[in-house]
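No gaps in the numbering here: position 175 of the sequence shown is 766 in our numbering, and each next residue is one more.
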Amino acid sequence: MEKLPELVFRDMNPIDPSISSSTVAGDLTPTHSMATTDLLTERRSSIALLKETPPWPGHTYIIRHPVSGRQITLVRGELRLEHHTGNQGGYHWICVEKDGWLGFCDPVHGTYMGCDTLGGYISKVKHHKACEFFCTRRHPDGGYVLLTQSGPALAKMSVAADGSKLVETKGEGTAWEFVKV
Numbered sequence: 592m593e594k595l596p597e598l599v600f601r602d603m604n605p606i607d608p609s610i611s612s613s614t615v616a617g618d619l620t621p622t623h624s625m626a627t628t629d630l631l632t633e634r635r636s637s638i639a640l641l642k643e644t645p646p647w648p649g650h651t652y653i654i655r656h657p658v659s660g661r662q663i664t665l666v667r668g669e670l671r672l673e674h675h676t677g678n679q680g681g682y683h684w685i686c687v688e689k690d691g692w693l694g695f696c697d698p699v700h701g702t703y704m705g706c707d708t709l710g711g712y713i714s715k716v717k718h719h720k721a722c723e724f725f726c727t728r729r730h731p732d733g734g735y736v737l738l739t740q741s742g743p744a745l746a747k748m749s750v751a752a753d754g755s756k757l758v759e760t761k762g763e764g765t766a767w768e769f770v771k772v
């Protein structure tokens with residue numbers, strides 16, 4: 592809940608304190624007022640900042656883990672959760688689409704995020720095929736779950752027990768924030 596500015600009231604003329612500033616003695620006059628439209632504008636801007644961005648083809652994102660504040664980062668071909676690495680790169684992902692499936696491409700190396708054969712995630716290939724196909728599902732608590740094909744089913748991307756590695760799970764998966772850059 593946002594705190595409204597404290598209102599200071601006075602009932603005397605600042606130039607001559609012996610003269611009342613109101614027509615009725617004892618009326619309190621605020622020194623500052625805020626119009627209703629100001630309050631609505633402030634409320635709308637706060638809501639706009641909280642609005643989530645769904646991944647969309649043609650846009651570039653930082654894919655962020657909201658609990659730790661770390662982001663999916665490419666480190667020597669492996670995908671890991673890392674703190675912001677400055678201008679080093681590896682954490683911007685261009686969202687693309689092929690046959691209705693989303694893909695995430697590292698703009699520096701031209702490699703796509705995808706699953707490996709051991710239940711983890713990598714970014715080593717320069718094509719967007721089945722192992723690099725993703726879809727998203729809105730999580731009820733906010734964010735988006737990343738899903739990949741795993742045989743006839745969909746697997747969810749999740750953070751491993753070590754807190755850094757990304758793995759496939761049949762469980763809940765991780766809700767990711769997509770920060771448009």
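We put the CB at the ideal spot given by N, CA and C, even for glycine. Remember, it's a predicted structure, so these values are computed and weren't measured experimentally.
By Cβ distance, which residues of its chain are closer than 6 Å to residue i, with the 5 residues on each side in sequence left out?
i: residue 705; result: 722 and 723
i: residue 746; result: 739 and 759
i: residue 680; result: 699
i: residue 648; result: 686, 687 and 688
i: residue 697; result: 665 and 714
i: residue 678; result: none
In angstroms with no decimal places, state the Cα-to-Cα distance between residue i and residue j.
i: residue 666; j: residue 674; result: 12 Å
i: residue 683; j: residue 726; result: 18 Å
i: residue 693; j: residue 671; result: 20 Å
i: residue 716; j: residue 729; result: 27 Å
i: residue 702; j: residue 718; result: 7 Å
i: residue 628; j: residue 643; result: Only weak support exists for where residue 628 lies, its pLDDT of 41 falling under 50; the value from the coordinates is given anyway. About 25 Å.
i: residue 661; j: residue 655; result: 6 Å
i: residue 751; j: residue 765; result: 10 Å
i: residue 741; j: residue 707; result: 10 Å
i: residue 668; j: residue 711; result: 12 Å
i: residue 755; j: residue 659; result: 10 Å
i: residue 690; j: residue 743; result: 17 Å
i: residue 614; j: residue 731; result: Its pLDDT being 45, under 50, residue 614 is placed unreliably by the model, and the measurement read from it follows with that caveat. Approximately 56 Å between the Cα atoms of the pair.
i: residue 737; j: residue 676; result: 23 Å
i: residue 646; j: residue 769; result: 6 Å
i: residue 695; j: residue 753; result: 24 Å
i: residue 735; j: residue 720; result: 22 Å
Residue i bridges to which residues according to DSSP?
i: residue 671; result: 664 and 756
i: residue 711; result: 758
i: residue 772; result: None, per the DSSP bridge assignment.
i: residue 767; result: 735
i: residue 716; result: 703
How about residue i: is its C-beta nearer than 8 Å to some C-beta of chain C?
i: residue 761; result: You won't find chain C in this structure, because it holds only one protein chain.
Closer than 8 Å by C-beta to residue i: which residues in its own chain qualify, once you throw out the five before and the five after it? Chain order, please.
i: residue 749; result: 757, 758, 759, 760, 762, 763, 764 and 765
i: residue 771; result: 644, 650, 651 and 652
i: residue 657; result: 733, 734, 766, 767 and 768
From which residue to which residue does the beta strand (DSSP E) around residue i run?
i: residue 774; result: A query on residue 774 cannot be resolved here, the shown segment of the chain reaching from 592 to 772 and no further.
i: residue 736; result: 735–741
i: residue 687; result: 684–689
i: residue 778; result: Because residue 778 is not part of the residues shown, which for the chain are 592 to 772, the question remains open.
i: residue 725; result: 725–729
i: residue 696; result: 692–696
i: residue 651; result: 651–655
Quick one: residues in its chain with C-beta nearer than 7 Å to the C-beta of residue i, no 5 flanking neighbours on either side, listed in chain order?
i: residue 733; result: 643 and 766
i: residue 709; result: none
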